[in-house]
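J.:
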Amino acid sequence: LFFWVARMVMMSLELTDKLPFKTVFLHPMVKDENGAKMSKSKGNVIDPLEVLDGCDLETLLQKLKESNLPTSEVAKAIVDKSKKFPDGIPECGTDGLRFTLLAYMVQRDINLDVQRVVGYREFCNKLWNIAKFGLRNFPEGFQPEADGIQSLKPHLSLSDKWILTRLSKLIESTNADFENYNLGQMV
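For any residue, its number in the working numbering is found by taking its place in the sequence shown, counting from 1, and adding 596.
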């Protein structure tokens, strides 16, 4: 990817005298769960759209049969996909996939395991349910006060103050990690 980025920069400077982008973030290489480089010629590629929306086994196998893989490789890939995804790829959604990829960012390579994406999908669903529960307990028409926490400070318990302190530190560290591109540390 380095050379692709370099060509983009040189071409843009040549044609427009402007940089096409100010920052480039290169993430680790995405590989299959066994650590093999994903390759159309091996038939081990996982389409992100199939992870987002789900895909039944029949469709996965049909794509292999319609590919330009040699017949021997198609047979191997069919056995492999049938073993890995006997019921197809479950729908994981955007948040589950994003969270999974962020969690993988602390590694040198991303060995993408769909079952891990499913786990993070379920975790994101729990977070969503917690938020819905919390929002349901706000009174109708609730508006936060202009001075926020400051007006509540005298009435906060020690545990509330501890939670808010931890939240404040988490926000600070997350913002610092985001600014320094330590995306895997934010998870």
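Just so you know, even glycine gets a beta-carbon here, dropped at the ideal spot from N, CA and C.
Computed from a predicted structure; not experimentally measured.
1) Going by the DSSP bridge assignment, what does Met625 pair with across the sheet?
2) Among the candidates Ile726, Leu653, Arg732 and Glu662, whose CA atom is the shortest distance from the CA of Lys636?
3) Could you tell me if Lys757 is buried or exposed, where buried requires 16 or more neighbouring beta carbons within 10 angstroms of its beta carbon?
4) Do Glu687 and Asp643 come within 8 Å of each other at the CB atom, strictly closer than that value?
5) Our contact map puts Val601 next to Val620 with C-beta atoms below 8 Å; I'd like the distance itself, whole angstroms only.
6) Write down the C-beta distance between Leu697 and Ile706 rounded to the nearest angstrom, noting that I regard them as a contact closer than 8 Å.
7) Specify, as a first and last residue, the run of the alpha helix (DSSP H) that Val641 falls within.
8) Within 10 Å of its beta-carbon, does Ala673 have 16 or more other beta-carbons around it, so buried, or fewer, so exposed?
9) Would you check if the distance between the CB atom of Gly780 and the CB atom of Ala727 is smaller than 8 Å?
10) Under the rule that 16 or more other beta-carbon atoms within 10 Å means buried, what is Arg717, buried or exposed?
11) Based on the DSSP secondary-structure assignment, which residues constitute the bridge partners of Cys651?
12) Within the stretch 651-675, note down every full alpha helix (DSSP H) run reaching 4 residues or more, in order along the chain.
13) Does the separation of the CB atoms of Leu657 and Lys677 fall below 8 Å?
14) Distance, Cα to Cα, Ala772 vs Val702?
T.: The relevant details are as follows:
1) Working through the sequence shown from its first residue, we reach residue 625 at position 29. DSSP output for Met625 lists Asp705 as bridge partner(s).
2) Along the sequence shown, one-based indexing puts residue 636 at 40. Out of Ile726, Leu653, Arg732 and Glu662, Glu662 has the C-alpha closest to the C-alpha of Lys636.
3) In the sequence shown, the residue the question calls residue 757 occupies position 161. Classification of Lys757: exposed, given that the 10 Å Cβ count is below 16.
4) One-based indexing of the sequence shown puts residue 643 at position 47. One-based indexing of the sequence shown puts residue 687 at position 91. Their beta carbons are not under 8 Å apart, which means Asp643 does not touch Glu687 by this criterion.
5) Within the sequence shown, the letter at position 5 stands for residue 601. Within the sequence shown, the letter at position 24 stands for residue 620. Rounded, the Cβ-Cβ distance is 5 Å, consistent with contact.
6) The residue labelled residue 697 in the question sits at position 101 within the sequence shown. The residue labelled residue 706 in the question sits at position 110 within the sequence shown. Right, the Cβ-Cβ distance comes to about 7 Å (below 8 Å), so this counts as a contact.
7) Locating residue 641 in the sequence shown gives position 45, counting from the first residue. Counting along the chain, Val641 falls outside any alpha helix (DSSP H), and DSSP gives it neither H nor E.
8) The sequence position of residue 673 within the sequence shown is 77, counting from 1. Under this definition Ala673 is a buried residue.
9) Here residue 780 is taken as the residue at index 184 of the sequence shown, counted from 1. Here residue 727 is taken as the residue at index 131 of the sequence shown, counted from 1. Result no, Cβ atoms of Gly780 and Ala727 do not sit closer than 8 Å.
10) Numbered from its first residue, the sequence shown carries residue 717 at position 121. Its Cβ being crowded by 16 or more others within 10 Å, Arg717 is buried.
11) Walking along the sequence shown from the start, residue 651 turns up at place 55. Cys651 is bridged to Ile685.
12) 653-662
13) By one-based count along the sequence shown, residue 657 stands at place 61. By one-based count along the sequence shown, residue 677 stands at place 81. Yes, the pair counts as a contact, with Cβ atoms nearer than the cut-off.
14) By 1-based counting over the sequence shown, the position of residue 772 is 176. By 1-based counting over the sequence shown, the position of residue 702 is 106. Straight-line Cα distance between these residues: approximately 16 Å.
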